[in-house]
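Numbering (my numbering), first residue to last: 289 to 494. Ideal placement from N, C-alpha and C gives every residue a C-beta, glycine not left out.
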């Protein structure tokens, strides 16, 4: 049994409650987390509403130093791949593909950021900053994704307040969403979406 007392395993939303509970149960069967929480009281009846509420409110439900946010289609699948060194970062999620356009994944300074994803490990410090700094919730290039806001569009604000993001090479071993040349054959700690090598993992979406 792996013990991670500083991490709250959490699922957030008012829909697919059954799927979220199954993902929580599966993720915690070989790991003892500091807390395991299913947050259903916050209305999340659309993906935009979910993203906004995660951005501002997820931290309200976390009392440990970190949170591991999971979904019915993204959760812990290889607990043996856990690395304590990940706790030195404020955000670590599955790597994104290299952009094929002129705007995706480019931060305030024009740098391409390839580590994000909503299924992720986040520090309590990072979770509390959007509300603390009164960050504006708005679309970027037409998209309102909380992970994009945190890892790309407002990344400079989080970094100015001491937050540290995992580098691409480290994130490859944490999670996998998109099949990439760099993540072939890796057994990731978490996954998101059943595509490529991820197709073998359970699907708890209802």
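How about residue 385 and residue 466: do their beta carbons lie closer than 8 Å?
Your numbering for residue 385 matches position 97 in the chain shown. Your numbering for residue 466 matches position 178 in the chain shown. Contact flag set, yes.
DSSP state of residue 454, grouped into three classes?
Counted from its first residue, the chain shown places residue 454 at position 166. Note: residue 454 maps to coil in three-state DSSP.
On a CA-only basis, which of 486, 431, 348 and 382 is nearest residue 420? Give me that one, please.
Locating residue 420 in the chain shown gives position 132, where the first residue counts as 1. Minimum Cα distance to residue 420 is reached at 348.
With a cut-off of 8 Å, do at least 3 Cβ pairs link the segment 420 to 432 to the segment 310 to 328?
As far as the Cβ criterion goes, the segment 420 to 432 does not touch the segment 310 to 328, which means the pair count is below three.
So which of 399, 397, 353 and 395 has the shortest CA-CA distance to residue 416?
Taking the chain shown and counting its residues from 1, one reaches residue 416 at position 128. Minimum Cα distance to residue 416 is reached at 353.
Tell me residue 364's beta-bridge partners as DSSP assigns them.
Locating residue 364 in the chain shown gives position 76, where the first residue counts as 1. The partner list for residue 364 (beta bridge, DSSP) reads 478.
Grab the span of the beta strand (DSSP E) containing residue 293 for me, first residue to last.
Taking the first residue of the chain shown as position 1, residue 293 is located at position 5. Run containing residue 293: 290 to 300, per the beta strand (DSSP E) assignment.
Pick helix, strand or coil for residue 390, following the three-state DSSP scheme.
In the chain shown, the residue the question calls residue 390 occupies position 102. Residue 390 falls in the coil class under three-state DSSP.
Does residue 291 pass the burial test, meaning 16 or more other C-beta atoms within 10 Å, or should it be called exposed?
In the chain shown, residue 291 corresponds to position 3, counting from 1. The residue in question, residue 291, is exposed, as its Cβ has fewer than 16 Cβ neighbours within 10 Å.
How many whole angstroms separate the CB atoms of residue 404 and residue 436, which I take to be in contact at a CB cut-off of 8 Å?
On the chain shown, position 116 is the one that residue 404 refers to. On the chain shown, position 148 is the one that residue 436 refers to. About 7 Å; that satisfies the 8 Å criterion.
Given residue 370, which residues of its chain have a CB within under 7 Å of its CB, disregarding the five upstream and five downstream residues?
The residue given as residue 370 occupies position 82 in the chain shown. Contacts found: 290 and 477.
When the Cα atoms are used, what is the spatial distance from residue 375 to residue 320?
Position 87 of the chain shown, counting from 1, holds the residue named residue 375. Position 32 of the chain shown, counting from 1, holds the residue named residue 320. Straight-line Cα distance between these residues: approximately 16 Å.
Measure the alpha-carbon distance for residue 296 versus residue 342 and round it to whole angstroms.
Within the chain shown, numbered from 1, the residue matching residue 296 stands at position 8. Within the chain shown, numbered from 1, the residue matching residue 342 stands at position 54. Rounded to the nearest angstrom, the two C-alpha atoms are 15 Å apart.
Unbroken alpha helix (DSSP H) runs of length 4 or more, entirely within the segment 294 to 359: which are they?
If we require 4 residues or more, the alpha helix (DSSP H) runs fully inside the segment 294 to 359 come out as 305 to 315 and 335 to 345.
In the structure shown, what three-state DSSP assignment does residue 440 receive?
Mapped onto the chain shown, residue 440 falls at position 152. Three-state result, residue 440: helix.
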